[in-house]
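Here the sequence shown is numbered in my numbering, starting from 207 and rising by one per residue. One structure is given here, and the rest of the page talks about it.
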Amino acid sequence: MESNKKQINEDHSNFIHDIIDKDLAEGVVKKVHTRFPPEPNGYLHIGHAKAIWLDFSTAEKYGGLCNLRFDDTNPTAEDVEYVESIKEDVRWLGYDWGDRLYYASWYFDQLYEYAIELIKKGKAYVDDLTAEEIREYRGTLTEPGKESTYRNRSVEENLDLFIRMKNGEFPDGSRVLRAKIDMASPNMNMRDPVIYRIAHVKHHNTGDKWCIYPMYDFAHPLSDAIEGITHSICTLEFEDHRPLYNWFLEALEIENRPKQIEFARLEVSNMVTSKRKLRSLVEEKIVDGWDDPRMPTISGLRRRGYTPEAIKDFCQKTGVAKNKGVVDISFLEHCIREDLKLKKPRIMAVLDPLKVVITNYPEGQVEMLDVENNAENPEMGTRQVPFSRVIYIEREDFMEDPPKKFFRLSPGKEVRLKNAYFIKCEKVIKDEKTGEIIELHCTYDPETKSGSGFSGRKVKGTIHWVSAEHGVPAEVRLYDHLFIEDEQTGELVINPDSLKVLKNCLIEPSIKEAKKGDQFQFLRHGYFCIDTKDTTDEKLVFNRIVSLKSSWK
Ligand code: ATP
Ligand code: MG
């Protein structure tokens with residue numbers, strides 16, 4: 207089983223690697239060089255994790271390099287906060303860009319020179335049409351576009367106007383620089399795309415130096431070429447842009463010709479992977495920031511308690527495809543369970559406590575029980591858990607009038623306390639006014655200590671517990687999917703019940719040694735993580751990462 211799993215993990219092959227294998231075999235490429243090119247206009251999400259994994263692990267596989275490049279050509283939406291968060295997320299996933307951190311904005315001078323070169327070659331022109339007119343003239347999928355009245359300006363006039371655009375002589379939106387390709391092309395992207403626009407906006411890197419900014423389709427292939435990228439991996443929506451990508455490289459007679467390869471975006475059910483939509487959740491305060499544990503962002507997943515290993519395993523096992531598909535979120539949950547299963551201690555936590563007094567247990571006595579840290583992984587050793595006269599059990603583990611198949615605690619019935627003794631419920635104490643059960647009186651059988659080899663009789667149920675005196679109070683946050691499908695429209699909508707806060711939980715005292723961010727299995731409840739943001743010296747807060755049961759088959 208283990209060796210089989212290893213095989214799956216090591217088999218990083220996919221259609222992109224087949225292309226690279228061929229390029230290497232034919233000598234077209236000597237050393238593989240990829241890049242991850244995020245736009246710093248939001249925090250990264252699970253879809254970006256897939257791209258990061260693919261770009262970096264592909265370079266790794268071939269002993270090549272992967273750059274981190276900020277595609278910061280649109281200053282209106284970008285911010286340094288996002289730059290920092292992106293770096294942190296890539297590093298956390300375990301990838302190292304070495305000294306190859308780049309910004310497209312570092313190439314603004316060179317990109318400007320390339321634009322001048324295109325003009326000189328008669329392959330670009332300044333257009334005075336309004337944005338609306340440009341749209342109108344573009345035609346449709348079934349009708350060819352119409353040439354702009356300014357399309358046949360002389361090289362000299364174009365040079366003069368473009369330089370004056372750069373010098374700030376014209377207002378925003380008054381003119382653009384367009385590539386001169388083919389207004390009748392069946393590919394809309396080839397109908398004289400805009401390559402520079404005027405925007406009198408301060409840029410987070412270049413300040414006020416520029417008031418013209420290159421468009422993505424122009425900046426991207428040239429940035430790739432400048433950095434010596436061999437394989438420029440991107441998502442399918444850029445497939446129709448590939449002819450344009452190649453056109454710029456050819457028109458400018460660039461020697462290094464990176465190859466653009468597209469794959470299907472990662473889409474996960476119950477998750478939204480659009481920075482714009484995620485930003486609106488943050489701005490409208492529907493969530494507690496970009497790192498809210500329900501967010502599909504990398505920072506949200508990290509705060510929730512996901513590990514880089516689980517995320518990368520998920521990226522790999524969901525494969526690299528040419529066709530669109532949606533991965534069920536339960537598969538992501540399966541991956542984190544698998545990762546934590548043998549690595550994390552399994553401890554006892556009572557989330558909805560009901561007091562139990564063991565009337566025949568000596569008052570003031572505390573017994574330290576030796577408990578396995580992880581029943582499936584003996585290498586994790588044991589720990590000591592205190593047992594005493596007053597304990598708490600889970601309220602739902604007791605029923606006054608149980609149905610037939612209820613094997614936990616009920617009046618006159620016996621149950622096993624995990625790692626401890628059998629107890630029998632003798633008396634139920636209720637609140638006089640409300641009738642609510644507030645306490646149980648039980649007796650224990652000293653003969654039945656766990657590990658003592660007792661074989662006198664059996665009980666069907668085992669329940670967990672925490673010693674009242676020793677337990678550590680905590681708040682536990684249970685999550686459901688942030689998005690659910692609307693029954694009528696099938697669209698994803700916000701789930702109004704995505705967060706449930708339990709404020710009176712009690713955790714066994716071994717938790718005192720844990721640090722923020724540590725993960726645990728709470729027996730019978732799932733995997734939990736100490737919240738890094740809201741936990742203080744006075745208050746312990748847990749996030750449920752995932753429940754124990756898998757709905758994934
Ligand atoms: P968004 O639409 O959320 O803003 P984007 O594609 O515009 O995403 P970028 O910052 O441009 O965001 O993305 C950087 C890289 O990550 C790109 O190469 C992009 O193709 C890739 N990427 C973005 N979303 C996904 C996804 N869902 N699956 C795989 N790769 C993705
Ligand atoms: Mg993008």
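Note that CB positions come from ideal geometry on N, CA and C, so glycine has one too. Just so you know, these numbers come straight off a predicted model, no measurement behind them.
So, is residue i buried or exposed, given that buried needs 16 or more other C-beta atoms within 10 angstroms?
i	result
residue 385	buried
residue 637	exposed
residue 545	buried
residue 464	buried
residue 348	exposed
residue 477	buried
residue 461	exposed
residue 736	buried
residue 502	buried
residue 382	buried
residue 221	exposed
residue 434	exposed
residue 354	buried
residue 639	exposed
residue 511	buried
residue 572	exposed
Could you pull the DSSP bridge partners for residue i from this structure?
i	result
residue 239	271
residue 430	Residue 430 is not bridged to any residue.
residue 453	None, per the DSSP bridge assignment.
residue 734	726, 750
residue 552	727
residue 648	564, 631
residue 577	589
residue 402	383, 420
Do you know offhand how far residue i's Cα is from residue j's?
i	j	result
residue 208	residue 523	Summary for residue 208: the model assigns pLDDT 38, below 50, so the residue's position carries little reliability; its value from the coordinates is reported in the next sentence. Computed Cα separation, rounded: 16 Å.
residue 664	residue 550	30 Å
residue 748	residue 742	12 Å
residue 400	residue 705	46 Å
residue 515	residue 620	42 Å
residue 676	residue 714	7 Å
residue 673	residue 570	12 Å
residue 332	residue 253	37 Å
residue 722	residue 375	55 Å
residue 720	residue 494	24 Å
residue 548	residue 228	40 Å
residue 532	residue 644	48 Å
residue 471	residue 576	49 Å
residue 604	residue 729	17 Å
residue 590	residue 623	15 Å
residue 328	residue 447	22 Å
residue 758	residue 536	Residue confidence for residue 758 is low, a pLDDT of 49 falling below 50, so the modelled location carries little weight and cannot support an answer.
residue 441	residue 352	30 Å
residue 695	residue 301	40 Å
residue 519	residue 415	44 Å
residue 436	residue 256	19 Å
Going by DSSP, what residue range makes up the beta strand (DSSP E) through residue i?
i	result
residue 342	Premise fails: residue 342 lies in the alpha helix (DSSP H), 337 to 343, not in any beta strand (DSSP E).
residue 596	596 to 600
Excluding the 5 residues flanking residue i on each side, which residues of the same chain have their C-beta closer than 8 Å to its C-beta?
i	result
residue 210	Summary for residue 210: the model assigns pLDDT 38, below 50, so the residue's position carries little reliability, and this model does not support an answer.
residue 710	558, 559, 679
residue 660	653, 654
Could you please give the first and the last residue of the uninterrupted alpha helix (DSSP H) stretch that includes residue i?
i	result
residue 506	504 to 510
residue 200	Since the first residue of the chain shown is 207 and the last is 759, residue 200 is not available in this structure.
residue 541	535 to 547
residue 697	Looking at the DSSP string, residue 697 is not in any alpha helix (DSSP H), and its letter there is neither H nor E.
residue 393	Counting along the chain, residue 393 falls outside any alpha helix (DSSP H), and DSSP gives it neither H nor E.
residue 221	221 to 231
residue 371	361 to 372
residue 488	481 to 489
residue 514	514 to 523
residue 314	314 to 326
Please go through the same chain and pick out, in chain order, the residues whose beta-carbon is closer than 7 Å to the beta-carbon of residue i, but skip the five residues on each side of it.
i	result
residue 320	428, 458
residue 450	395, 396, 399, 423
residue 391	397
residue 454	424, 427, 428
residue 407	281, 282
With a threshold of 6 Å on Cβ separation, who are the neighbours of residue i within its own chain once the five nearest residues in sequence on each side are excluded?
i	result
residue 306	273
residue 692	699
residue 264	240
residue 485	248
residue 667	613, 614, 621
residue 682	557, 708, 711, 748
residue 684	706, 750
residue 496	249, 488, 503, 505
Let me check you understand the geometry: is the CB of residue i closer than 8 Å to at least one non-hydrogen atom of ligand 3?
i	result
residue 247	Absence of ligand 3 is noted for the structure shown, with ligand 1 and ligand 2 being the only ligands found.
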